[in-house]
Structure formats: C-alpha cells, structure tokens
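Okay, so here's the structure we're looking at.
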Amino acid sequence: MSAADNRKKVALVAASDMTVIAFLRAHIVALAADHDVTVITNTVDPERISADVRGVRVISIPFARPIAPMLDLHCLARLTRVFHRERFDLVFSVTPKGGLMAMVSGCLARVPSRIHMFTGQVWATRTGLGRILLKLADRLIARCATNVLADSASQRQFLIDQGITNDRHSAVLASGSISGVDAVRFRPSVEARQAVRRSLGVAEDAVVLLFVGRLNRDKGVLDLAAAFSALSASIPDCVLLIVGPDEAGLRHEVEVLVGAAAKLHFVDFTDHPEHFMAAADVFCLPSYREGFGTVIIEAGACGLPVVASRIYGLTDAVVEGETGLMHEAGDVGGLVDVLAQLVRDADLRARMGRAGKGRATNEFSAMVVTGALTAFIGSLLRSGAEGQHETRV
Numbered sequence: 001m002s003a004a005d006n007r008k009k010v011a012l013v014a015a016s017d018m019t020v021i022a023f024l025r026a027h028i029v030a031l032a033a034d035h036d037v038t039v040i041t042n043t044v045d046p047e048r049i050s051a052d053v054r055g056v057r058v059i060s061i062p063f064a065r066p067i068a069p070m071l072d073l074h075c076l077a078r079l080t081r082v083f084h085r086e087r088f089d090l091v092f093s094v095t096p097k098g099g100l101m102a103m104v105s106g107c108l109a110r111v112p113s114r115i116h117m118f119t120g121q122v123w124a125t126r127t128g129l130g131r132i133l134l135k136l137a138d139r140l141i142a143r144c145a146t147n148v149l150a151d152s153a154s155q156r157q158f159l160i161d162q163g164i165t166n167d168r169h170s171a172v173l174a175s176g177s178i179s180g181v182d183a184v185r186f187r188p189s190v191e192a193r194q195a196v197r198r199s200l201g202v203a204e205d206a207v208v209l210l211f212v213g214r215l216n217r218d219k220g221v222l223d224l225a226a227a228f229s230a231l232s233a234s235i236p237d238c239v240l241l242i243v244g245p246d247e248a249g250l251r252h253e254v255e256v257l258v259g260a261a262a263k264l265h266f267v268d269f270t271d272h273p274e275h276f277m278a279a280a281d282v283f284c285l286p287s288y289r290e291g292f293g294t295v296i297i298e299a300g301a302c303g304l305p306v307v308a309s310r311i312y313g314l315t316d317a318v319v320e321g322e323t324g325l326m327h328e329a330g331d332v333g334g335l336v337d338v339l340a341q342l343v344r345d346a347d348l349r350a351r352m353g354r355a356g357k358g359r360a361t362n363e364f365s366a367m368v369v370t371g372a373l374t375a376f377i378g379s380l381l382r383s384g385a386e387g388q389h390e391t392r393v
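So for the sequence shown, the working numbering puts the first residue at 1; every next one is plus one.
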C-alpha cells in the first residue's frame, strides 16, 4: 500500500472564510502535510484559502451567521450530501453556525470522528428566548460531536457547569487558544511605533491605550470610553486608540462619552493589528464574554501589559498581577482604577509587558498550538475509534 493510500480525509468547517484565514491557516498547512484536507466555508474566493497550500480543496457553502431557517436547512442538506459523497475520516469545526451544520451533518453521514472547538458563547450575555435557543444549539453541537474542545480551561468549565458538555467528553489543547500567536509577526517594533504615532499625530511621550476588535457592546467598548473620559480628566497625556469595524454603530456614542476629540483615534479596519500594538502602551479588553481572548496574547507578544475584565476565557489569557490587571465586567470605576495604575507607572508597564511577551512566546506560540491540534487529530485518526477523549492534551 502506498503512502498516498494511507492518507486520511479531513474536513475543516467554518461559517466564514475570514475565520479560516485568521485562525485556521497554520492548522490547514500542518494537516495537509499528512492528510487530504478539504475546507468547507462560505467564500467567493477559494484561492484566498488554498493559495500556497498544495492539495487543499475548498468547497463553498453559503452559511449565514444569523439564524435563517430556510437557508440553514438548505446548507444542512447540502453539507450532508458532501459528507456522504466524500466519506471523510474526520471533521473539525469552529464558529457556532459552522459547528451546528458540521456536527449534525457529520452525525447524519456517520463521519467517524467529529470534533468541534468552542471559542465563546453568544448566549452568555443574552436573556429570554434567544438565550434558550442559542444554548440548545450548543447542546446539540456537543451531543453530535465525538470530541468537544474549548479554547480555554475556564470556558471548558463554564460549558460543563451549563450542561453543554461534561468532563469526559471535553478537552483543552496545550494551554488554550484556537490558533496561538505568530511571534515573528507580533513583536515590539520601534519602526512601527514611530510610523503609526506619526500618522495619527500622537506624541511619542503620550500613553496610548489600545482596543482592537469589533465595536459592539459585548466587547465593553462603551465602558472603556467612559473610563477613559474619567481617566483623561486627571491624566491629560493619555490617548485612546480604537481599531476595528463599527458593526454595532457605536462610534458616535464613544465620541460623546470621551468628549475630547484630540485624545480619541479610530481606525476602521487593518490587516496589520501588530503595527498598532507596537504603537501602544496598554492593551484594553473590558469584554463581557470571550472564549479565550487570543488578541490579548498577541498584545502580550508585542510587549504590552493588559487590562481586561475578570470573566471566563480572559482569566486564562491574563495572569493577574503578572501580565496585566483585571476588573469586574461592567465596573467602570474598577476599570478606571486599574488603567490609572498602569498609565501612571512606566516601570509596572515594562515589567508586565516583559512577562506577557515571555508567556506568549513560551505557552501560546502558533507552533505549540498547531502541534497540539494536529497531534490530537492524528491520534483520533490512528485509533479509528469514536469518542476517544482526553481531559487535557
């Protein structure tokens, strides 16, 4: 039997091609070295995914992020047909909609190994019927999966406490994270720091507080704006830089809360968040829900101390008192206090920045995280057994 005959067929499923490009690229490259890999996602440009990766196929299915019953049923039927036709040995999914479609279709098509990785729960901050339906969807994902992964230990415990999965059926790979951090890309850069500050008109001696992510209420952007307004009244030489798409239309509210336009800078979109991290002094993520908070590890790799809310997911990304400071979610006064500590103390910023960089490099490098995932998948493919579970790999 040739080596080609021994190659297993692996499918990776995500609702959005942006998720694939941002988080799964290194995994695809590593898996394609030993297996026949097919990526299934919603894309109009398959070349963006398969470029420079020999032998990887891309199948586009029009998954929708919001609930869309008719389209969802169409996608479910189409994906089930693909699974029946291709006879994959293993399917791995991320994102809520990608996971629901892949795990149900994989179960119907009897794909032997079905892995879903949870990266945060939309329903964690919801109430009423919406919370019930979204939580039921996650329970269905876990029920149809042979293996459940979480991208942080605290998220895994949350899923167990909420009855989504159990201890035997779930695992965390390495120290967590969906993809780890590229330490070559995310690193301190004097050149990037100077260039970004010059382009924004920010003085070199100003203390820059940075937020990177989607502008929505769950990310705590309005709390950050309110805290910055209070902080800048007593500490005039600080600046707030917000980088990310305004998907919830919050920019005007942020501007009103901050008040001082000269101290607030927006960048709608960037392919190079590492440049803005290099330009900053403190990274801020006062979020209400996160699965892990990879962006915190990226900021740490750039040598930034972190201020974050004390919620599941982020408690794994931050070593409180060592790589950053934490506050209770929604506590604007507490957020002001921890921001003030870091803004006023350059030595504390430097010490926490060094610790964050060391931790990001040693525990969360892309090589470590990708190696853990490919080893886990390889063990399932070699065993050929459904439901081979580990509590930690």
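For glycine and all other residues, C-beta sits at the position ideal for the given N, C-alpha and C.
Assuming residue i and residue j are in contact, meaning their beta carbons sit under 8 Å apart, how far apart are those beta carbons, in whole angstroms?
{"i": "Gly176", "j": "Asp347", "result": "With 8 Å as the limit, Gly176 and Asp347 do not qualify as a contact, their Cβ atoms being about 29 Å apart."}
{"i": "Val148", "j": "Leu231", "result": "The Cβ separation is near 41 Å, so there is no contact."}
{"i": "Leu209", "j": "Cys284", "result": "5 Å"}
{"i": "Val91", "j": "Arg114", "result": "5 Å"}
{"i": "Phe266", "j": "Arg251", "result": "6 Å"}
{"i": "Thr374", "j": "Leu31", "result": "6 Å"}
{"i": "Val239", "j": "Val202", "result": "5 Å"}
{"i": "Leu257", "j": "Ser229", "result": "6 Å"}
{"i": "Glu191", "j": "Arg197", "result": "About 11 Å separates the two Cβ atoms, so there is no contact after all."}
In chain order, what residues of the same chain lie with their CB nearer than 6 Å to the CB of residue i, ignoring the 5 residues before and after it?
{"i": "Lys9", "result": "Asp36, Phe88 and Asp89"}
{"i": "Ile311", "result": "Ala329"}
{"i": "Gly387", "result": "With a pLDDT of 45 at Gly387, under the threshold of 50, the predicted position of this residue should be treated as unreliable, and no value is reported."}
{"i": "Leu314", "result": "Glu290, Gly293 and Ala308"}
{"i": "Leu241", "result": "Val208, Leu210 and His265"}
{"i": "Pro46", "result": "Val58"}
{"i": "Pro273", "result": "Val212"}
{"i": "Ile178", "result": "Phe23, Thr119 and Asp151"}
{"i": "Ala26", "result": "Ala366 and Thr370"}
Ordered along the chain, which non-local residues of its own chain (more than five positions away) have a Cβ less than 8 Å from that of residue i?
{"i": "Arg193", "result": "Ala278 and Ala279"}
{"i": "Thr323", "result": "Gly300, Pro305, Val306, Met352, Ala355, Gly356 and Arg359"}
{"i": "Ile235", "result": "Val207, Ala340, Val343 and Arg344"}
{"i": "Val338", "result": "Val307, Leu325, Met326 and His327"}
Between which two residues does the alpha helix (DSSP H) carrying residue i extend?
{"i": "Asn362", "result": "Ala346 to Glu363"}
{"i": "His74", "result": "Pro69 to Glu86"}
{"i": "Arg114", "result": "Where Arg114 is concerned, there is no enclosing alpha helix (DSSP H), although the beta strand (DSSP E) it sits in stretches over Ser113 to Phe118."}
Ordered along the chain, which non-local residues of its own chain (more than five positions away) have a Cβ less than 7 Å from that of residue i?
{"i": "Asp17", "result": "Thr41, Asn42, Thr43, Arg48 and Ile49"}
{"i": "Ile164", "result": "Asp138, Arg139 and Ala142"}
{"i": "Cys75", "result": "Ile61, Pro62, Phe63 and Met101"}
{"i": "Ser365", "result": "Gly180, Val181 and Ala183"}
Could you check where the beta strand (DSSP E) with residue i kicks off and where it finishes?
{"i": "Leu12", "result": "Lys9 to Ser16"}
{"i": "Asp36", "result": "Asp36 to Asn42"}
{"i": "Ala171", "result": "Ser170 to Val172"}
{"i": "Ala329", "result": "Here Ala329 belongs to no beta strand (DSSP E), and DSSP marks it neither H nor E."}
Rounded to whole angstroms, what's the CA-CA distance from residue i to residue j? Just pull it up for me.
{"i": "Ala355", "j": "Val319", "result": "9 Å"}
{"i": "Ile399", "j": "His169", "result": "The displayed coordinates of the chain run from 1 to 393. Any statement about residue 399 would go beyond what the structure contains."}
{"i": "Thr95", "j": "Ala145", "result": "14 Å"}
{"i": "Ile59", "j": "Val207", "result": "46 Å"}
{"i": "Pro305", "j": "His327", "result": "14 Å"}
{"i": "Leu134", "j": "Trp123", "result": "6 Å"}
{"i": "Gly333", "j": "Leu264", "result": "20 Å"}
{"i": "Val29", "j": "Val369", "result": "13 Å"}
{"i": "Asp237", "j": "Val282", "result": "14 Å"}
{"i": "Glu253", "j": "Leu222", "result": "7 Å"}
{"i": "Ala14", "j": "Gly98", "result": "5 Å"}
{"i": "Ile132", "j": "Ile67", "result": "13 Å"}
{"i": "Ala350", "j": "Pro188", "result": "12 Å"}
{"i": "Gly213", "j": "Asp271", "result": "12 Å"}
{"i": "Ala394", "j": "Asn362", "result": "Outside the displayed span of the chain (1 to 393) sits residue 394, for which this structure offers no information."}
{"i": "Ala248", "j": "Ala225", "result": "15 Å"}
{"i": "Ile297", "j": "Arg85", "result": "40 Å"}
{"i": "Ser383", "j": "Pro112", "result": "11 Å"}
{"i": "Arg7", "j": "Ala77", "result": "27 Å"}
{"i": "Leu12", "j": "Leu73", "result": "20 Å"}
State whether the region 100–119 contacts the region 144–158, with contact taken as three or more CB pairs (one from each stretch) at a distance under 8 Å.
yes
Using 8 Å as the threshold, is the region 126–139 in touch with the region 102–111, meaning 3 or more CB pairs across them?
no
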